[in-house]
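Asks:
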Amino acid sequence: MKIGTSIGLFVISVAGGLPAHAHDGRHQGDHPGQDRREERREDRREDRREDRREDRREDRRDDRHEWREERREDRRDGRVAPGVRIRLAPPAVRVEVRGNPPSARHRWVGGFWRWDGGRHVWIGGRWELPPVSNQIWVDAHWASENGEWVFYDGYWSGSGPLPPPAPLPPPAPVPGVMRGYPPPPPPEVTISMAPPAPRQEVVPPQPSPAHFWIAGDWIWDGRQYAWAPGHWEMRHDGWEWVPPHWEHHGHHWKWKAGHWRR
Numbered sequence: 096m097k098i099g100t101s102i103g104l105f106v107i108s109v110a111g112g113l114p115a116h117a118h119d120g121r122h123q124g125d126h127p128g129q130d131r132r133e134e135r136r137e138d139r140r141e142d143r144r145e146d147r148r149e150d151r152r153e154d155r156r157d158d159r160h161e162w163r164e165e166r167r168e169d170r171r172d173g174r175v176a177p178g179v180r181i182r183l184a185p186p187a188v189r190v191e192v193r194g195n196p197p198s199a200r201h202r203w204v205g206g207f208w209r210w211d212g213g214r215h216v217w218i219g220g221r222w223e224l225p226p227v228s229n230q231i232w233v234d235a236h237w238a239s240e241n242g243e244w245v246f247y248d249g250y251w252s253g254s255g256p257l258p259p260p261a262p263l264p265p266p267a268p269v270p271g272v273m274r275g276y277p278p279p280p281p282p283e284v285t286i287s288m289a290p291p292a293p294r295q296e297v298v299p300p301q302p303s304p305a306h307f308w309i310a311g312d313w314i315w316d317g318r319q320y321a322w323a324p325g326h327w328e329m330r331h332d333g334w335e336w337v338p339p340h341w342e343h344h345g346h347h348w349k350w351k352a353g354h355w356r357r
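Next comes the structure, spelled out in structure tokens:
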């Protein structure tokens, strides 16, 4: 009897423990699958982050390579094949003032806009001697091709017609002789308002040694002060220029216009 009771208790205890063991086994078996799913999700997130980084790197490469140089020498005439290609149009070519050539053999090399450091930079013209006598210079220029601006560098071309000689500068003027008497100066103006402070002017180059500078000043136009800019004036033998100026008299200001006197 005792043996049967013991066997029954053992069976009950074993049967009661099976669900617990099965439950534990189910949880132990679930953990590896969850880890693998989490690893796959993390891999996908990392792939997306890497794709975004690669897109940003590609955008930067596109910006850096917006322009490119593909120059190669054409030995037939010294000319250079199409070079820089960009999408930004160059500014208008500047009008340059050519000085006198150093000699009759010198040729004018015109200025041009160069693409440098992501912007257009003006390169001024100059006089140069050709490598071979009687060669002519073909100026550099930009051309619009298929939505891009292509730079063609300047080059020395084979013999060509000689350019006309540079015109000689006009002779420097000499002080003139004033005939008769100059017109009388304008009448004096008296007002109660003090003039503003004189402006600082940029004096342009002197046209000739016979010219002198007349500084600008404030004048009264009947309602308010107006600035009269300075200018170069020709000297006249036997005459002296009296510059315009304001004189302060008590509560009033008196304007004395500039005029010539002997």
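According to my numbering, the stretch in the sequence shown is residues 96 to 357, in order. Glycine included, C-beta positions come from ideal geometry on N, C-alpha and C.
Does DSSP put Ala-352 in a helix, a strand or coil?
Replies: Mapped onto the sequence shown, residue 352 falls at position 257. Looking at Ala-352 - three-state DSSP - the assignment turns out to be coil, as it is neither helix nor strand.
Asks: I'd like to know whether the C-beta atoms of Ala-352 and Glu-296 end up nearer to each other than 9 Å.
Replies: Position 257 of the sequence shown, counted from the first residue, corresponds to residue 352. Position 201 of the sequence shown, counted from the first residue, corresponds to residue 296. Going by C-beta atoms, Ala-352 is not nearer than 9 Å to Glu-296.
Asks: Which partner residues does Arg-202 have in the DSSP bridge list?
Replies: As a position in the sequence shown, residue 202 is number 107, starting the count at 1. Beta-bridge pairing links Arg-202 to Glu-223.
Asks: Below 8 Å, how does it come out for the region 219-238 and the region 246-254: are there three or more Cβ pairs, yes or no?
Replies: yes
Asks: Which residues bound the beta strand (DSSP E) around Gln-230?
Replies: In the sequence shown, residue 230 corresponds to position 135, counting from 1. It spans 230-233 - the beta strand (DSSP E) in which Gln-230 sits, taken as one unbroken run.
Asks: Need the endpoints of the beta strand (DSSP E) that Trp-341 sits in, please.
Replies: Here residue 341 corresponds to residue number 246 of the sequence shown, with the count starting at 1. 340-344 is the extent of the beta strand (DSSP E) around Trp-341.
Asks: Since Trp-244 and Pro-185 are thought to touch, with beta carbons under 8 Å apart, how far apart are those beta carbons, to the nearest angstrom?
Replies: For the purposes of this step, residue 244 is taken as the residue at position 149 of the sequence shown. For the purposes of this step, residue 185 is taken as the residue at position 90 of the sequence shown. Correct: roughly 6 Å between the Cβ atoms.
Asks: Kindly identify the DSSP beta-bridge partner or partners of Val-337.
Replies: Locating residue 337 in the sequence shown gives position 242, counting from the first residue. In the DSSP output, where bridge partners are listed per residue, Val-337 has His-354.
Asks: Val-188 bridges to which residues according to DSSP?
Replies: Here residue 188 is taken as the residue at index 93 of the sequence shown, counted from 1. DSSP lists no partner for Val-188.
Asks: Rounded to the nearest angstrom, what separates Leu-224 and Arg-209 at their Cα positions?
Replies: Start at 1 with the first residue of the sequence shown, and residue 224 comes out as number 129. Start at 1 with the first residue of the sequence shown, and residue 209 comes out as number 114. The alpha-carbon atoms of Leu-224 and Arg-209 are separated by roughly 22 Å.
Asks: Assuming Ile-314 and Ala-321 form a contact by the criterion Cβ under 8 Å, report the distance between their Cβ atoms to the nearest whole angstrom.
Replies: Within the sequence shown, residue 314 is the residue found at index 219, counting from 1. Within the sequence shown, residue 321 is the residue found at index 226, counting from 1. Contact flag correct, Cβ pair sits at about 6 Å.
Asks: Using the three-state DSSP reduction, which class does Lys-97 fall into: helix, strand or coil?
Replies: The residue given as residue 97 occupies position 2 in the sequence shown. Low confidence applies to Lys-97: its pLDDT is 48, below 50, so where it sits in the model is not reliable, and the reading given next is rough at best. The answer is helix: DSSP assigns Lys-97 an H, G or I state.
Asks: What are the residues that DSSP puts in a beta bridge with Met-329?
Replies: Indexing the sequence shown from 1 puts residue 329 at position 234. His-306, per the DSSP bridge assignment.
Asks: Can you tell me whether Trp-308 is buried or exposed? The criterion is at least 16 other CB atoms within 10 Å of its CB, across all chains shown.
Replies: To locate residue 308, count along the sequence shown from 1; it is residue 213. Trp-308 is exposed by the Cβ-count criterion.
Asks: Looking at Trp-341: is its Cβ nearer than 9 Å to the Cβ of Glu-328?
Replies: Position 246 of the sequence shown, counted from the first residue, corresponds to residue 341. Position 233 of the sequence shown, counted from the first residue, corresponds to residue 328. Cβ atoms of Trp-341 and Glu-328: not closer than 9 Å.
Asks: Quick test of your reading: Gly-311 and Ala-292, contact by CB under 8 Å. State the CB separation rounded to the nearest angstrom.
Replies: Translated into positions along the sequence shown, residue 311 becomes position 216. Translated into positions along the sequence shown, residue 292 becomes position 197. In fact, because the Cβ distance is near 12 Å, the residues do not count as touching under 8 Å.
Asks: Taking the beta strand (DSSP E) that Glu-240 belongs to, which residues open and close that run?
Replies: Walking along the sequence shown from the start, residue 240 turns up at place 145. 236-240 is the span of the beta strand (DSSP E), which, as asked, contains Glu-240.
Asks: Just checking my contact of Gly-219 with Glu-191 at CB under 8 Å: how many whole Å lie between their CB atoms?
Replies: Stepping through the sequence shown from its first residue, residue 219 is reached at position 124. Stepping through the sequence shown from its first residue, residue 191 is reached at position 96. Separation of the CB atoms of Gly-219 and Glu-191 is rounded to 7 Å, and the pair is thereby assigned contact status at 8 Å.
Asks: Just the C-alpha distance for Ser-198 and Val-188, rounded to the nearest angstrom, thanks.
Replies: One-based indexing of the sequence shown puts residue 198 at position 103. One-based indexing of the sequence shown puts residue 188 at position 93. Spanning the two alpha carbons is a distance of roughly 26 Å.
Asks: Report the residue from Asn-229, Val-298, Arg-193, Arg-180 whose alpha carbon sits nearest the alpha carbon of Ala-238.
Replies: For the purposes of this step, residue 238 is identified with residue 143 of the sequence shown, where counting begins at 1. The residue with the shortest Cα to Cα distance from Ala-238 is Arg-180.
Asks: Report the three-state DSSP secondary structure of Gln-301 (helix, strand or coil).
Replies: Residue 301 sits at position 206 when you count from the first residue of the sequence shown. Coil.
Asks: For Arg-143 and Leu-183, I'd like the C-alpha separation in whole angstroms.
Replies: Along the sequence shown, one-based indexing puts residue 143 at 48. Along the sequence shown, one-based indexing puts residue 183 at 88. Their Cα atoms are separated by approximately 34 Å.
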